[in-house]
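These notes are about the structure you will find just below.
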Amino acid sequence: MSRPHPARRERKVLRVALACVASAALLALVFSQLDLEEASARFRSANAGWLAVAAAGSFFVLIMRGTRFAVLNRQARWPLTTAATAIQVFLNRVTPLRMGELSLPWILRRHAGEDAVRSLLSVVLVRLIDLGIVAAAVVAGLSLRGQGEGAPPLVPSVVVLVLLALGLAAFRRCLRLLLSVARWAAGSVGVAERPWVERSLRKLGDVLADGESMGRREMAAVAVTSVAIFVGQTLLFGALLQAFSVELRLLELMQGGAVAQAGAAIPIAAVGSFGPQEASWVAGFVWVGVPLQDALVTAVACQLFTLAFAAIFALPAWIWLQRKAAAGRAADSAPVA
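Written out as structure tokens, the structure reads:
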């Protein structure tokens with residue numbers, strides 16, 4: 000196995016270092032305003048019942064994510080896509096630069112023979128869909144509520160929403176254009192007939208053709224599960240706020256939660272969600288009237304509890320996959336009667 004080029008390795012280290020700096024800076028900003036003594040008392044008095052509701056909401060979101068990937072993939076079934084998603088979600092929470100995204104294509108290829116290119120394109124597609132839904136919710140919230148502290152400006156939010164909508168509408172078309180350019184470039188430099196180049200271009204073409212054959216029922220399932228994920232996240236946020244005695248009307252919860260989800264969904268160079276999630280949570284809920292200390296305490300609580308939920312779901316998923324792989328190896332090595 001060839002070692003990575005020194006210059007490439009140095010760039011990767013630099014990107015990781017910048018991600019660490021970004022997360023540390025945002026966390027420092029949040030904690031500099033947090034009353035630690037009050038926060039400690041609030042954590043000790045948190046309502047366990049509402050935390051259990053938040054855990055159930057987190058599990059519901061996981062089920063919807065696993066269902067969505069089961070629809071988008073061809074070989075992997077729902078139990079596998081859900082287990083892979085649980086591991087992907089946890090790794091995304093703790094790895095720099097969202098490198099955990101790559102775990103799902105790897106797991107689906109290893110355990111179900113799913114095409115890695117198809118799975119990777121599915122990951123890109125669902126991230127665009129999630130960003131589009133969050134952007135639409137932010138725009139709707141801004142239109143129903145005047146500008147205020149922590150609120151994103153309306154015009155840039157509308158621009159982002161339009162760009163995401165155009166990106167989703169032209170997603171397959173852009174990929175076809177990219178494939179045409181890649182074929183032209185390979186032919187121009189004389190490498191189109193090399194086996195690995197020809198195989199890669201053919202595989203990408205097959206994936207695009209297969210994806211374009213998706214029926215209306217599958218498209219509807221992706222849309223429904225995507226909306227359900229957003230709603231589940233919002234209700235999860237509401238349960239966490241209730242656990243710390245912060246009550247909001249449904250409209251305010253949806254408005255603040257949309258901003259909170261937007262900050263966490265944007266692919267910022269950071270370590271997992273550390274920093275961007277807290278900052279967007281505070282911005283969103285202060286905007287809808289939550290006192291600053293309440294917003295700071297619940298931002299930290301959201302990070303800690305949702306990370307714990309992700310770890311709790313990922314651990315049995317990983318154990319199940321390891322046993323599944325071991326059983327497959329044992330079956331392959333069993334003597335034929």
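So the sequence shown is numbered by numbering that gives the first Met the number 0: it starts at 0 and just counts up by one.
Ideal Cβ placement from N, Cα and C applies to all residues, glycine included.
Asked	Found
Thinking C-alpha only, which one of Leu250, Ala294, Leu33 and Phe68 is nearest serine 225?	Phe68
Under a Cβ-count criterion, where at least 16 other Cβ atoms within 10 Å of its own Cβ denotes burial, should serine 179 be classed as buried or exposed?	exposed
Measuring CB atoms only, is the segment 219–235 touching the segment 282–297, in the sense that at least three cross pairs come out at less than 8 Å?	no
Using a Cβ-Cβ cutoff of less than 6 Å, which residues in the same chain neighbour valine 52 once the five nearest sequence positions on both sides are dropped?	Ala238
Given that a residue counts as buried once 16 or more other Cβ atoms are within 10 Å of its Cβ, and exposed if not, what is glutamate 217?	exposed
Is the segment 84–99 close to the segment 304–323, with three or more CB pairs under 8 Å?	yes
Quick test of your reading: valine 70 and alanine 310, contact by CB under 8 Å. State the CB separation rounded to the nearest angstrom.	No, valine 70 and alanine 310 are not in contact; Cβ-Cβ is about 26 Å, not under 8 Å.
I'd like to know whether the C-beta atoms of valine 60 and glutamine 260 end up nearer to each other than 8 Å.	no
For asparagine 46, is the classification buried or exposed, using 16 other Cβ atoms within 10 angstroms of its Cβ as the cut-off for buried?	exposed
Measuring only the C-alpha atoms, how far is methionine 0 from arginine 8?	Reliability of the predicted coordinates at methionine 0 is poor, the pLDDT of 43 falling under 50, and the value obtained from them is presented with this limitation in mind. The straight-line gap from Cα to Cα measures roughly 15 Å.
Can you tell me where the alpha helix (DSSP H) with proline 104 in it begins and where it stops?	102–111
How about the segment 242–258 and the segment 279–292: do they share at least three Cβ pairs that are nearer than 8 Å?	yes
How would you label glycine 48, buried or exposed, when you count the other beta carbons within 10 angstroms and need 16 or more for buried?	exposed
Could you have a look at methionine 0 and say whether DSSP puts it in helix, strand or coil?	Residue placement at methionine 0 cannot be trusted, given a pLDDT of 43 that sits under 50; the coordinates are not used to answer.
Could you check the C-alpha separation between arginine 14 and alanine 23 for me, to the nearest Å?	14 Å
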